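Written below as structure tokens is the structure these notes are about.
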Amino acid sequence: MALLRWKSTLRISSVHMMSSWKNTTSPCNWTGIMCGRRHRMPWPVVTNISLPAAGIHGQLGELDFSSIPYLAYIDLSDNSLNGPIPSNISSLLALQHLELQLNQLTGRIPDEIGELRSLTTLSLSFNNLTGHIPASLGNLTMVTTFFVHQNMISSFIPKEIGMLANLQSLNLSNNTLIGEIPITLANLTNLATLQLYGNELSGPIPQKLCTLTKMQYLSLSSNKLTGEIPACLSNLTKVEKLYLYQNQVTGSIPKEIGMLPNLQLLSLGNNTLNGEIPTTLSNLTNLATLYLWGNELSGPIPQKLCMLTKIQYLELNSNKLTSEIPACLSNLTKMNELYLDQNQITGSIPKEIGMLANLQVLQLSNNTLSGEIPTALANLTNLATLKLYGNELSGPIPQKLCTLTKMQLLSLSKNKLTGEIPACLSNLTKVEKLYLYQNQVTGSIPKEIGMLPNLQLLGLGNNTLNGEIPTTLSNLTNLDTLSLWDNELSGHIPQKLCTLTKMQYLSLSSNKLTGEIPACLSNLTKMEKLYLYQNQVTGSIPKEIGMLPNLQVLQLSNNTLSGEISTALSNLTNLAILSLWGNELSGPIPQKLCMLTKIQYLDLSSNKLTSKIPACSLPREFENLTGIADLWLDNNSFSGHLPANVCMGGRLKTFMIGGNAFDGPIPRSLKTCTSLVKLSVYNNLLTGDISEHFGVYPHLKSVSLSYNRFFGQISPNWVASPQLEEMDFHKNMITGLLRLDHNNISGEIPAEFGNLKSLYKINLSFNQLSGYLPAQLGKLSNLGYLDVSRNNLSGPIPDELGDCIRLESLKINNNNIHGNLPGTIGNLKGLQIILDASNNKLDVIASGHHKPKLLSLLLPIVLVVVIVILATIIVITKLVHNKRKQQQSSSAITVARNMFSVWNFDGRLAFEDIISATENFDDKYIVGIGGYGKVYKAQLQGGNVVAVKKLHPVVEELDDETRLLCEMEVLSQIRHRSIVKLYGFCFHPNYNFLVYDHIQRESLYMTLENEELVKEFDWSKRVTLVKDVAQALSYLHHDCSPPIIHRDITSNNILLDTAFKAYVSDFGTARILKPDSSNWSALAGTYGYIAPELSFTCVVTEKCDVYSFGVVVLEVVMGKHPMELLRTLLSSEQQHTLVKEILDERPTAPTTTEEESIEILIKVAFSCLEASPHARPTMMEAYQTLIQQHSSSSCPIRFNEVTLEQLRNT
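Counting in our numbering, the sequence shown runs from 6 upward without gaps.
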């Protein structure tokens, strides 16, 4: 029988669910089966299968539908069915009800479903379905309910959906549907619910939707809809809930919205709506929820909103609302949550707010509210969250707030509050977070604070608190964050703080604490950040600090710590920031610090450290320090040579080693260290040719090479540092040229230039220099060329310039220099080529006996000027003749230099928004660094959070705008659920960047490195991740035209969200950088992931991605990069290695089903790692292998006994 055969293919979690399914009993008596009589049938036939949440694992395709043709009802929801929906389901012509939601179905929705013309309910939600919605579904004219949300459906909404005349509820949300909303939906005259949220739909909201007068629930949120809100939505008089949030809707809120008498919820947040809030909203007498947050609404809060007496949730935050808070809001007595934060509201907090008896959340932060906190707020007895931070509130903290015993979060920080902290705050026993930082609070910390049993965060920093830290804080056993920085606290760090074992963040910096660092801090094993800097702490650094396994930041600087740096710090394997500057530490830097492979910031400056910097002579150890970005060792007593590979990781931004006794050459890795921002090696004994030891530094802002033994000419490479603000080369033996023209350098010309006595050429033209020409320039006896033209220099020309006996060219034109041209200048015999002093305020003729010589100098200049004017007239005539042609050329150049396209926004607005959101690409917004550039997190004005990849400078390669636009068009059309969405791009003279969707969690690599997080990354999630990545790559290789080769598949380029869902990032960047990148491997991969054939060929193919994918799969299985395994693959020592020996041991042990999946992962990985590209599978084949149902062997080998060799050979 068909049902029994199907059962035999299933795995059922619930033992008793299908136990009644036996061939000895009638199917009509089986669990979940119903029978009925049909015309001309002498016996009952199966008509219903209802097994929701039955723990069924298997495939629907194993069921022979042709054997049960009378089925009218199928409910198999909330199981674990996988595989595709079989096309032969079309044989169930009597089927009326089909529920398959909450399974793991894959593949496309079969066209054949359109033949089930009796269907009234079709629910396919919460699966992994892909492809498009078949147009054949338009044949289901009896259907009333169609749900397919939370899948991976793509393409357009078919216009044929408009043929479903009886449809009442349509839910296509949370897919990747594109295009405009079809106007044929207006034909669905019975539609009461329309949910299209969470897609990528674009275009305006169709006016014709206004004809759907039976509509009760309309959700179009989280799309890319543009245009204005149609005023005709007022025709939908039955609508109760209207969601349009998180789109790109513009214009004002139509006053006609106030004509929807049944509206209970209106959500328009996170758009770009402007204008004032219409007073007609006061007509919505049934409104309970009003969300207008995250727009650009202006004007005052309308008084008439106070008439909405049923309102419970009012969110007007993140707008530009002004004026005062209406006191009449007290009429809204049912209000639960009130958000008015991040506006421009002024005035005081109305005491009438205290009449909102049901209020649980009150957020008024980040406005300009003034006055005292009203004591009437004490009447809000249900208040759980009160946020008033970021205003100008003054006066004391009201004692009456202590009566709010349901309070869980209290934030009064960033105001001007004075007085002492009320001891009665101890009454708030439910409070979890208490923020009072950045006020003017005085007095001591009340010991009663220690009576808050649920407190998790205490922020009292940046006040004027004094006295000792109360030991009662040790009673706060749930405390994970204690911030007391920047006060006047004194005394010792209490030993009792060591009992706070949940502590993760402890900041006691910038106080007057004394005594030693308690060794018992080692008990705080969850600690991630420890700040004790800028106190008066003495003694040595306790070796017990090395027992904090999760510590990421250790800041002990600016104290009086002594002794040597403890080698125990090398145990802090998660440490990213170590700052010990400004102490009295002595001795050498421990070799073992080289083991801190995650270190990014290391500051040991201004101590008494001696000896050599550890060369970390074991190369592999030092090469692990690839993440270091800031290294400060200045003002110690170091000697010897600098390590050669100090910039091995290519991330070094700050290198400060001045004030030591280093000798020898500059490290060779610095020449190619393009990430450098600050470089200081002053006051050492360093040697070498300055033109050979330094490269091009596009981000460099400050460089100091003074007081060393450098020689040679100043390289033109320094001109390629457009952000350079400060340069100091004095007290060396440097010769040659100095060109800093055409920058934005301001300030005065340093007198120290006079120390560069070998300098021949100085060009400072086209800047913003001011002040006088320094007389010290006269010391440059070798100077032959001086150009300071087109600045803002003033004052007289110093007589000392006449001492520059070799001067041949002097340009001082276009400044504000005044007075006489010194006679000493006229005496310079070499000055016969150029003397340009025009456009100043000079009295050109100097004292009498120099007049003939000056006239002889100036006469040729006048003749030259006349000739130039005549030549200019000829050129202008030529230009006018070719004007049209030049205009076209100019237009083309403008496009080439300023290509920008993001979300169809106005390019200028979007560009400025991104620059503003990242503060001109400030490093504090960096969330990742890749082979092509740095990735910044940017929160745009509308609230959208995006990832901005700022490419490394490749100006010479971004010269073909036609090709670039074509490439970007291809890349921006990629739509896949497991590929990071590319929103747009900018190719600009100063910035080249791509704009992607921002993924909340970190990369796969960082997840595997996080010892706590990786425990949540169980085997089920890992298997799913591998499948998702394989599907994404298969899509790039086989579903895109032309195919896209990723070229850099690594664990760093696979991002994970908070549910460990995988997203492939950094795809196609090489296509932008090189038009012929299929035959070019310079950017084709990351060491450890590169296919072996790239060592002898330059041809990059899809099979290179396949190899990299194989490496990533093993990395997922092993929990680390499989470097050693790859090196010994097929060797005798690995042939008999058991699979269980290489598994990551941090997650819980795999189940039997997961063990089978792990075997398949390893098999696929080995096949992808074949040495010959032709022997590797395609990504489509690899993906199919991963998702297909695998039958178990009749005599399977136990998982604990399976070897790598066995899996490789099967």
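Glycine included, each C-beta is placed from N, C-alpha and C at the ideal position.
Keep in mind that this is a model prediction, so the values were computed, not measured.
Bounds of the alpha helix (DSSP H) holding C1109 are 1107-1123. Burial is judged here by how many other beta carbons sit within 10 angstroms of a residue's own beta carbon; D927 has fewer than 16 and is exposed. Each of N949, G304, A842, K452 was checked against the Cα of N818, and the nearest Cα belongs to A842.
When only Cα atoms are considered, N825 and I802 end up about 8 Å apart.
In the three-state reduction of the DSSP assignment, P115 falls in the coil class. Within the same chain, Cβ atoms closer than 6 Å to the Cβ of N108 are found at N84, L86, N132, the five residues on either side in sequence being excluded. With fewer than 16 other Cβ atoms inside 10 Å of its own Cβ, G184 counts as exposed.
Residues L319, L367 of the same chain have their beta carbon placed closer than 6 Å to that of L343, with the five preceding and five following residues left out of the count.
In the DSSP assignment, K325 forms a beta bridge with S303. Residue environment analysis places W48 among the exposed positions, since fewer than 16 neighbouring C-beta atoms fall within 10 angstroms of its C-beta. Between the alpha carbons of L265 and H154 lies a gap of roughly 27 Å. Just so you know, the alpha carbons of S257 and L337 end up roughly 25 Å apart. Under a 10 Å Cβ-count criterion, R1203 is classified as exposed, with fewer than 16 other Cβ atoms of the shown protein chains found around its own Cβ. A236 and K229 have their alpha carbons spaced roughly 19 Å apart. If the five residues before and after L513 are omitted, its C-beta is found closer than 6 Å to the C-beta atoms of L489, L537, all from its own chain and listed in chain order. In the structure shown, the three-state DSSP call for E473 is strand. Shortest Cα-Cα distance from F151 to any of T135, L175, G136 involves L175. The shortest C-alpha to C-alpha distance from P1182 to any of K1108, G119, E1206, F667 is the one to K1108.
About 12 Å separates the Cβ atoms of T327 and E301, ruling out a contact at the 8 Å cut-off.
Assigned with DSSP and collapsed to three states, I73 falls in coil, not helix or strand. Within its own chain, the residues whose Cβ lies closer than 7 Å to the Cβ of K939, once the five positions on either side in sequence are excluded, are I931, K955, listed in chain order. If you draw a 10 Å sphere on the C-beta of P1048, you find fewer than 16 other C-beta atoms in it, and that means exposed. Looking at the DSSP output, F667 shares a beta bridge with G645.
The shortest C-alpha to C-alpha distance from I1004 to any of I1059, V1034, I979 is the one to I1059. Distance from A99 to S123 at the Cβ level is roughly 6 Å; contact confirmed, criterion being Cβ atoms closer than 8 Å. Membership of C40 in any alpha helix (DSSP H) is not indicated; the residue belongs instead to the beta strand (DSSP E) covering 38-41. For K1168, the enclosing alpha helix (DSSP H) starts and ends at 1157-1173. By the criterion of a C-beta distance shorter than 6 Å, N563 is surrounded in its chain by Y538, Q539, G587, once the five residues flanking it on both sides are discounted. A residue is called buried when at least 16 other Cβ atoms come within 10 angstroms of its Cβ; M46 does not meet this threshold and is exposed. With fewer than 16 other Cβ atoms from the protein chains shown falling within 10 Å of its own Cβ, P554 counts as exposed. The shortest C-alpha to C-alpha distance from P403 to any of N371, L121, L441 is the one to L441. L638 and P672 have their alpha carbons spaced roughly 15 Å apart. The beta carbon of T572 lies closer than 6 Å to those of P595, K597 in the same chain, with the five residues before and after it left out. In chain order, N53, H102 place their CB closer than 6 Å to the CB of Y78, counting only its own chain and leaving out the 5 sequence neighbours on each side.
Among the bridge pairs identified by DSSP, T423 is matched with P401.
Within its own chain, the residues whose Cβ lies closer than 8 Å to the Cβ of E549, once the five positions on either side in sequence are excluded, are A524, C525, L526, S527, A573, listed in chain order.
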